[in-house]
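> My questions will all concern the structure given below.
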Amino acid sequence: MAHYLVIVESPAKVKTIKKFLGSNYTVAASNGHVRDLPKSQLGIDVENDYEPKYITIRGKGDILANLRKEAKKADKVFLATDPDREGEAISWHLAAALKLDDKKMRRITFNEITKNAVKASLKAPREIDMDLVDAQQARRALDRMVGYKISPLLWAKVKRGLSAGRVQSVALRIIADREDEINAFIPEEYWTLDTILKVKGEKRPLTAKFYGTVDKKITIHSEEEMNQILKELENAEYKVTDIKTGERSRKAPLPFTTSTLQQEASKVLNFATQKTMRIAQQLYEGIDVKGNGTVGVITYLRTDSTRISEEADAAARSYISETYGSEFVTEGSTEKKTGKKIQDAHEAIRPSDITRTPASLKDSLTRDQFRLYQLIWKRFTASRMKPAVFETTSVKIGAAKYVFTVSTSRCVFEGFRTVYTEADEEKEVSNVLVNGLSTESVLTKKEDETKQHFTQPPAHYTEASLVKVLEEQGIGRPSTYAPTISTIIARRYVTKEGRNLYMTEIGEVVNNIMKQSFPSIVDVSFTANMEGLLDMVEEGKVAWKEVIRNFYPDLDEAVQIAEKELESVKIEDEVTDVICEECGRNMVVKYGPHGKFLACPGFPECRNTKPYLEKIGVPCPVCGKEVVIRKTKKGRRYYGCENNPECEFMSWQKPSKKKCPKCGGYMVEKGNKLVCADEKCGYVETIEKENA
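Note that the UniProt record's numbering numbers the sequence shown so that position 262 is 262, with each residue one more than the last.
Written as structure tokens, this is what we have:
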């Protein structure tokens, strides 16, 4: 009997796949990549047409020796690594490292680790797709060139251990640009007016919102404007002038892609992107389901496609019809059409078997696995269901020359919402009173409710919103979002407080160097275009080395110029007048993972350290002592009093010496403006250029 060897990436898959195949199959794992560029050097021969130099990864020798032994015994070797560029490249490296004969070796892929999918893949083996491999080689070479050419420059100019990256540096810039927007944001005042009306014959009052006049919507900017409107409404008669009823539907959401799964898991489950991917990987590779053994319960987790196989679609429709009723099953396709290339025509992320409900798996899964599986199952099931239908009523109420509105909606058919509602879905307004209103209704004003508001700055990025913008801008691919975010947090360029991401001092330094010396590397459009080129390599339209030939010379030139011209960030041991209380020496400024701190120059005999409180030359608005730059525990910068904790003054924006001419309070710098710290005052002036 012929003997076959199936090589997968992960040991977890071995157990799952072994169960599906007969005794004439051996299943073994490569534990990911087996060859890579050497860590100690660039590993790309620039003089020899950018030929990469691959070596066996340290620690993989025994694995390869075992695989070689198994490959010799086998009549055929099936390379069953993941169904994407990375997986294709791993198969190619395995074929080279194991010296596999082309006739003996075949490539197979499956989108889910189920018996049917694995057996079907063995019936349709193919050759290694070199276009996919070349796209991965190009990405690896580009990332290596950026990392290995720029990182040493950061080491020399800032501190050892820093790194630059083709995608991470752009992500850092996106966060930095948002922080600049927030810091420069100047709130604008506006007011809202709600009028509480009594409807004759009804016990409950009706709340109407101020809209404007018949011709246009009016925004109320100040208390003066509000008082003028209230004066004109003093003796006005309130009358229903128009009632419109209608129907609106809300479409079911599409099944998850990598990006949307990471976003929704962050919002609903408060999972970091890395955690989402780790748990999804466990669900894909196989869970020990009671009574069924080890089974992969979801499809492949790295995809930007919303496509679903015909079999899965039919199974979902059948399940929905039996469970909820045929009236809930959607008609037609729910696939998203996009102009861009979908990665490897993968399916969306879905349960491998829709009849395996979250409740039936609860005892076989950990709490986090259950919560993520439930999210994926509900989203996929909902995507095959009909839209939710709402009955809407819009009422216009006239008073003097002004118009007030009342809007309400009522769900008349739940549709997909029977199963799933999205995290940021707006709450539906329901006002039973509206149903009884007519143009004949008699209205009496009870009271006016006025509120002062201020416009809010853009929100800080969260992991979810950063993933969304990276995807929208075409930066990176499904497999890169989580490692990119993890890297910038691990390097302490960015700190995470609650869900929000904030720049640290060291992140600002690195971002400024990158913007100054390597503007194209951190340019969003340039990086997105590079992703487009990699897609063209994958499609066989562009040779991968052509991409490298066009990229490297410009990078090399920029590095050489930066080495000569870039001014070193001052991080040498700056001596201060702070005396070390343990040994009497003058303490010096050092640079650590979170930025600057004070250390005793007598290290290692004296290990005394303390926070470095850099004075900004502004007296504290509360107690008159010096304002200093402080940092939160996680490295986010703010301005506080040197007399803390006795004085509790703090500001996220830099305070100014200048007092507000309008209210006498302190002012803060926002971009090129000085703004009164009291929003209610609202005084703003432009900073004179010589002082800026």
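Glycine included, every Cβ here is placed at the ideal spot set by N, Cα and C.
(1) Determine the direct distance from the alpha carbon of V537 to that of T338, and round the result to whole angstroms.
(2) How many Å lie between V158 and I182 at the Cα?
(3) Since E565 is in the alpha helix (DSSP H), which residue starts that stretch and which ends it?
(4) Could you check if V34 is buried or exposed, using at least 16 other CB atoms within 10 Å of its CB as the buried criterion?
(5) Tell whether a beta-carbon distance below 7 Å holds between N116 and Y300.
(6) Measuring CB atoms only, is the stretch 366-380 touching the stretch 247-265, in the sense that at least three cross pairs come out at less than 8 Å?
(7) I'd like to check one pair, A272 with I397: are the Cβ atoms closer than 7 Å?
(8) Provide the residue(s) that pair with H3 in DSSP beta bridges, ordered along the chain.
(9) Identify which residue in V77, K99, K73 and T418 has its Cα closest to the Cα of P125.
(10) Can you tell me where the beta strand (DSSP E) holding F526 begins and where it ends?
(11) Under three-state DSSP, which class holds G339?
(12) If we count the other Cβ atoms within 10 Å of its Cβ and call it buried at 16 or more, is D84 buried or exposed?
(13) Whole angstroms are fine: how far does the CA of I489 sit from the CA of G161?
(14) I513: buried (16+ other C-beta within 10 angstroms of its C-beta) or exposed?
(15) What separation, rounded to the nearest whole angstrom, lies between the Cα atoms of G43 and K149?
(16) Can you tell me whether DSSP reads N48 as helix, strand or coil?
(17) Quick one: residues in its chain with C-beta nearer than 6 Å to the C-beta of K200, no 5 flanking neighbours on either side, listed in chain order?
(18) Please give the ranges of any alpha helix (DSSP H) in the stretch 206-252, keeping only runs that are unbroken, at least 4 residues long and fully inside the region.
(19) Given T439, which residues of its chain have a CB within under 6 Å of its CB, disregarding the five upstream and five downstream residues?
(20) With 16 other CB atoms within 10 Å as the buried threshold, where does S603 fall?
(21) Tell me whether K123 is buried or exposed, calling it buried when 16 or more other Cβ atoms sit within 10 Å of its Cβ.
(22) Assess contact between the stretch 320-331 and the stretch 140-155, defined as three or more Cβ pairs (one per stretch) separated by less than 8 Å. Is contact present?
(23) Going by the CB atoms, is the gap between L142 and R166 shorter than 7 Å?
(24) Using DSSP bridges, identify the partner residues of E189.
(25) Quick check on the burial criterion: 16 or more other C-beta atoms within 10 angstroms. Buried or exposed for residue 693?
(26) Tell whether a beta-carbon distance below 7 Å holds between D36 and I57.
(27) Expressed to the nearest angstrom, what Euclidean distance is found between the alpha-carbon atoms of F413 and E224?
(28) Within the continuous beta strand (DSSP E) that includes L79, where are the two ends?
(29) If you drop the 5 nearest sequence neighbours on each side, which residues of the same chain put their C-beta closer than 6 Å to that of K341?
(30) Would you say D520 and F526 are within 7 Å of each other, going by their C-beta atoms?
(31) Compare the Cα-Cα distances from K13 to each of Y284, C600, A599 and Y25 and report the closest residue.
(32) Using only CA atoms, which one of K634, K631, N235 and V618 lies nearest to K657?
(33) Tell me the DSSP secondary structure of Y324 in three-state form.
(34) If you drop the 5 nearest sequence neighbours on each side, which residues of the same chain put their C-beta closer than 6 Å to that of A316?
(35) With 16 as the cutoff for other CB atoms within 10 Å, does P655 come out buried or exposed?
Once the coordinates are examined:
(1) Confidence in T338 is poor, its pLDDT being 47 and thus under 50, which makes the residue's placement unreliable; the coordinate value appears in the next sentence. T338 and V537: Cα-Cα distance of roughly 20 Å.
(2) 26 Å
(3) W544 to E565
(4) buried
(5) no
(6) yes
(7) no
(8) In DSSP, H3 forms no bridge with anything.
(9) V77
(10) Per DSSP, F526 belongs to no beta strand (DSSP E); it is in the alpha helix (DSSP H), V524 to E538.
(11) No answer about G339 holds up, because its pLDDT of 43 lies below 50 and its placement is not dependable.
(12) buried
(13) 14 Å
(14) buried
(15) 12 Å
(16) helix
(17) V442
(18) 223-232
(19) V240
(20) It should be pointed out that residue 603 corresponds to Phe in this sequence rather than to Ser. Exposed: under 16 other Cβ atoms inside 10 Å.
(21) exposed
(22) no
(23) yes
(24) F454
(25) Because residue 693 is not part of the residues shown, which for the chain are 1 to 692, the question remains open.
(26) yes
(27) 46 Å
(28) K76 to L79
(29) The predicted model places K341 with a pLDDT of 43, which falls under 50 and marks its position as unreliable, so this point remains unresolved.
(30) For the record, residue 520 in the displayed sequence is Ser; it is not Asp. Yes, Cβ-Cβ distance for S520 and F526 is below 7 Å.
(31) Y284
(32) V618
(33) helix
(34) I354 and R384
(35) buried
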